[in-house]
Amino acid sequence: MAQSARTDCPELPDFSLLKRLARDQLIYLLEQLPGKKDLFIEADLMSPLDRIANVSTLKQHEVDKLYKVEHKPVVSTSDQLCFLIRPRIQTVKWICDVANADKAVGRFRRYKIIFTPRKFYACEAVLEEQGIFGEVTTDEWSFSLLPLDDDVISMELPEFFRDNFLAGDQRWVRTAGSALHLLHSLYGPFSKLYGIGRCSKMAYESWREQVEEGEQTTRQAEIGKVFLIDRDVDFVTPLCSQVVYEGLVDDIFRIKCGCVEFGPDVTSSDKSLKVMLNSQDKVFSEIRNEHFSNVFGFLSQKARNLQGAYDKRRGMDIKQMKTFVSEELKGLKQEHRLLSMHIGASESIMKKKTKQDFQELLKTEHSLLEGFEIRESISFLEEHISRQVSMMESLRLLCLLSITENGLLPKDYRSLKAQYLQSYGADHLLTFSNLRQAGLLAEQPAGEALSAMESKVGKLVNDKAAGKLSDAFSSLGRKSNFRALSRKLNLVPKSDEEYDLRVPRDMAYIFSGAYVPLSCRLVEQVLERDGWSGMEEVTRLLNGHEFAVTGGSGAEARTQSDAQRIVLVMFLGGCTFSEISALRFLGREKGYKFIVVTTAITNSSRLIESLLGNQI
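Residue numbers (my numbering): 3 to 618.
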């Protein structure tokens, strides 16, 4: 697609080493329980494990049968049970129940628990309380980095966001520091580290401690700079609707560990198809970062080119036909299969995302980002709630309204909350509490003078006009952090300028030219300035916790100029595919290569799902 790009971008490091290390460590731990054994795997570890060690690899190391952890009596007849789990107390209690049930009927088995990525004292305390501490061996599989693609690595810790930003549980910070330390050991030393956010600062300090405790490396660096950012520094970006192809595929089909399952509506058959989405898919690699409005044009052109390549067969002699079949036909068939699949996916997306409702939704989002027609946006949200269009979408818009307006007016907050609870049930009272605690939803402090002025205005003019004047008065009575950040960092391009999505001029293209993601703008500005100098007002609005430090003595001298242009961006609390697309665009423009490390891939639905009040 037509995008300007620098041709001097450096090569990315080879992250397949991370997979090999994880696989070798797991095999070593399994071999510590010699002989045939059954392996019980926690549900959310099955997809990551499949990327590291498939069933045949496990079978080679005497794993007889595989089971999913289901918190019910086991049916295994093996004398040796191995459990691969997250360090969750509920799961450990279930294992205790299994062992105690065996003990009650006089059955002797050997039990081994492998915790990943870490083992916590609380889990061992449960084993002791249940009286089986001495009968179970425990180990730790420090698997915390799963390469999903050449430039994307996931820690596969979706609970990081809820645990850290809602519950205030910082147990995963050490894991993030350890993951950074592993990357530093294999691909460092890092020359500069930047970051913003309380969690990022703690992860950096954890990394620093581990570096000081370990041996100093003298290897040639492959990664030059590191930028750490907390998810709560920028909540606006994950709350916006994704309109790049990969983001839409994730929203509609849900990408898990780099894989997606396309149903019969995409495959045009009666079967579903599980597909790996990465740069090895030549069709996908060309459209993944594109605005969806450009995708069909590209796929149509690709189909015409493919037909032209097939048509070359006409008029070939025997020798030419033989060469064509042996060298080109297989590749053309593979490309044809991929093209058909992505056309099917695009058609499915079109049916769901080009309806009138979605266009109205985007228009409302853009109004909120620009700070215009707020009263009309609230009316749209009220209608959305009353029609029960989507529980998650209503919460998303409510949170976006709150953050962009630096909190809701008390009367709006009470009204919207009451309407939502009436539509979706009073059990969402806890959801509202969680959203407030996490910082996604806020109520402005009531100003007596301001309220009185609104009351007078309401009596003098009609409701619609009163709403607009009320918005104007409220904007005078407070300072919106998002609005201030937007002006200082030019996050919202001028709407009177025509934005050509076919030839994007900045990162705003990922949101149809309406908004440059704050997280990515911060990365861009800090790299340009080599630190936070001149951004004091921005960091104040973001509640501080920023840092910019050198990686250590001599680190910069050992870092080649190529490595200096390879930047690792670590998102603590999740990252969206839209942000990854924006960073890829920035890299092409500025001559950088970005590596994205994230605690998990997220989107608006997952972010809000993690805060729903019906979770234990």
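All C-beta atoms in this analysis are idealised placements derived from N, C-alpha and C, irrespective of residue type, glycine included.
Considering only C-alpha positions, which residue in the set the options is nearest to residue i?
{"i": "Leu47", "options": "Lys74, Glu158 and Asn605", "result": "Glu158"}
{"i": "Val551", "options": "Gln390, Lys39 and Arg210", "result": "Arg210"}
{"i": "Ser580", "options": "Gln282, Phe162, Phe298 and Val154", "result": "Val154"}
{"i": "Pro266", "options": "Leu275, Gln27, Asp104 and Arg608", "result": "Leu275"}
{"i": "Thr406", "options": "Glu385, Glu375, Lys419 and Val391", "result": "Glu375"}
{"i": "Tyr511", "options": "Thr600, Asp564, Val285 and Tyr247", "result": "Tyr247"}
{"i": "Pro495", "options": "Arg504, Ile257 and Phe513", "result": "Phe513"}
{"i": "Leu529", "options": "Asp165, Glu137, Leu230 and Gln92", "result": "Leu230"}
{"i": "Ser295", "options": "Gln244, Arg389 and Arg523", "result": "Gln244"}
{"i": "Lys354", "options": "Lys114, Ala106 and Phe255", "result": "Phe255"}
{"i": "Leu613", "options": "Gly197, Gly441, Cys577 and Leu585", "result": "Gly441"}
{"i": "Phe110", "options": "Thr79, Glu126 and Phe42", "result": "Thr79"}
{"i": "Ser202", "options": "Gly576, Leu32, Glu64 and Leu250", "result": "Gly576"}
{"i": "Leu150", "options": "Cys259, Asn545 and Ser180", "result": "Cys259"}
{"i": "Asn280", "options": "Asn307, Lys273, Phe298 and Asp252", "result": "Asp252"}
{"i": "Gly190", "options": "Asp532, Val228 and Met204", "result": "Val228"}
{"i": "Phe484", "options": "Met537, Ile115 and Asn408", "result": "Asn408"}
{"i": "Phe573", "options": "Ile198, Ser271 and Ser342", "result": "Ile198"}
{"i": "Gly226", "options": "Asp532, Asp40, Tyr113 and Thr578", "result": "Asp532"}
{"i": "Leu363", "options": "Leu418, Leu41 and Leu397", "result": "Leu397"}
{"i": "Glu337", "options": "Glu130, Lys365, Arg306 and Glu367", "result": "Arg306"}
What residue range is occupied by the uninterrupted alpha helix (DSSP H) comprising residue i?
{"i": "Cys401", "result": "Met393 to Thr406"}
{"i": "His430", "result": "From DSSP, His430 is part of no alpha helix (DSSP H); its letter is neither H nor E."}
{"i": "Leu188", "result": "Val175 to Tyr189"}
{"i": "Tyr501", "result": "Careful: Tyr501 lies outside any alpha helix (DSSP H) and carries neither H nor E."}
{"i": "Leu442", "result": "Unbroken run through Leu442: none, as it is neither H nor E."}
{"i": "Glu526", "result": "Leu520 to Arg531"}
{"i": "Phe382", "result": "Ile376 to Ser388"}
{"i": "Gly249", "result": "Tyr247 to Phe255"}
{"i": "Trp96", "result": "Ile91 to Ala106"}
{"i": "Leu609", "result": "Ser606 to Glu611"}
{"i": "Leu491", "result": "Asn483 to Leu491"}
{"i": "Tyr123", "result": "Tyr123 to Glu131"}
{"i": "Thr541", "result": "Glu538 to Leu543"}
Tell me the residue span of the beta strand (DSSP E) that contains residue i.
{"i": "Ser281", "result": "Looking at the DSSP string, Ser281 is not in any beta strand (DSSP E), and its letter there is neither H nor E."}
{"i": "Ser156", "result": "Val154 to Ser156"}
{"i": "Asp620", "result": "Outside the modelled stretch of the chain, which goes from 3 to 618, sits residue 620, for which no answer is possible."}
{"i": "Thr140", "result": "Val138 to Glu142"}
{"i": "Glu263", "result": "Cys261 to Phe264"}
{"i": "Lys114", "result": "Arg112 to Phe117"}
Given that a residue counts as buried once 16 or more other Cβ atoms are within 10 Å of its Cβ, and exposed if not, what is residue i?
{"i": "His73", "result": "exposed"}
{"i": "Ser1", "result": "There is no way to answer for residue 1, as the model of the chain reaches only from 3 to 618."}
{"i": "Lys103", "result": "According to the sequence shown, residue 103 is Ala rather than Lys. Per the 10 Å Cβ criterion, exposed."}
{"i": "Ser488", "result": "buried"}
{"i": "Pro36", "result": "exposed"}
{"i": "Asp171", "result": "exposed"}
{"i": "Ala428", "result": "exposed"}
{"i": "Leu462", "result": "With a pLDDT of 46 at Leu462, under the threshold of 50, the modelled position of this residue cannot be trusted, and the question is left open."}
{"i": "Ser583", "result": "buried"}
{"i": "Ala565", "result": "buried"}
{"i": "Ala124", "result": "exposed"}
{"i": "Thr600", "result": "buried"}
{"i": "Val238", "result": "buried"}
{"i": "Gly216", "result": "exposed"}
{"i": "Leu431", "result": "exposed"}
{"i": "Lys284", "result": "exposed"}
{"i": "Glu539", "result": "exposed"}
Enumerate in chain order the residues of its own chain whose CB-to-CB distance from residue i is below 6 Å, with the five nearest sequence positions on each side excluded.
{"i": "Val76", "result": "Val100"}
{"i": "Tyr594", "result": "Arg567 and Val569"}
{"i": "Ser350", "result": "Asp267 and Val268"}
{"i": "Leu410", "result": "Ser404 and Glu445"}
{"i": "Gly469", "result": "For Gly469, the pLDDT reaches just 47, beneath the cut-off of 50, and the residue's location in the model is therefore unreliable, although a value from the coordinates is still provided. The answer, listed in chain order, is Arg377."}
Note down, in chain order, each residue of its chain lying with its Cβ closer than 8 Å to the Cβ of residue i, except the 5 sequence neighbours on either side.
{"i": "Phe145", "result": "Ala24, Gln27, Leu28, Pro50, Ile54, Thr118 and Pro119"}
{"i": "Met394", "result": "Ser606, Ser607, Ile610 and Glu611"}
{"i": "Leu588", "result": "Met509, Cys522, Val525, Glu526, Tyr594 and Phe596"}
{"i": "Leu418", "result": "Ile380, Leu383, Glu384, Ile387, Leu400 and Leu410"}
{"i": "Leu19", "result": "Leu188"}
{"i": "Leu503", "result": "His293, Ser295, Asn296, Tyr511, Ser514 and Gly515"}
Can you find the residues in the same chain that come closer than 7 Å, C-beta to C-beta, to residue i, ignoring five residues on each side of it along the sequence?
{"i": "Ser453", "result": "Confidence at Ser453 is low in this model, with a pLDDT of 48, below 50, so its placement is unreliable and the value that follows should be read with caution. Answer for Ser453: no residue qualifies."}
{"i": "Glu33", "result": "His63"}
{"i": "Thr140", "result": "Ile115, Phe117, Lys121 and Glu126"}
Jot down the residue ranges of each uninterrupted beta strand (DSSP E) in the stretch 198-238, minimum 3 residues, whole runs only, in chain order. 227-232
Just list the alpha helix (DSSP H) runs in the stretch 33-81, keeping only unbroken ones of 4 residues or longer that don't cross its boundaries, in chain order. 48-54 and 57-62
Sequence ranges, beta strand (DSSP E) only - wholly within the stretch 552-597, length at least 3: 568-574
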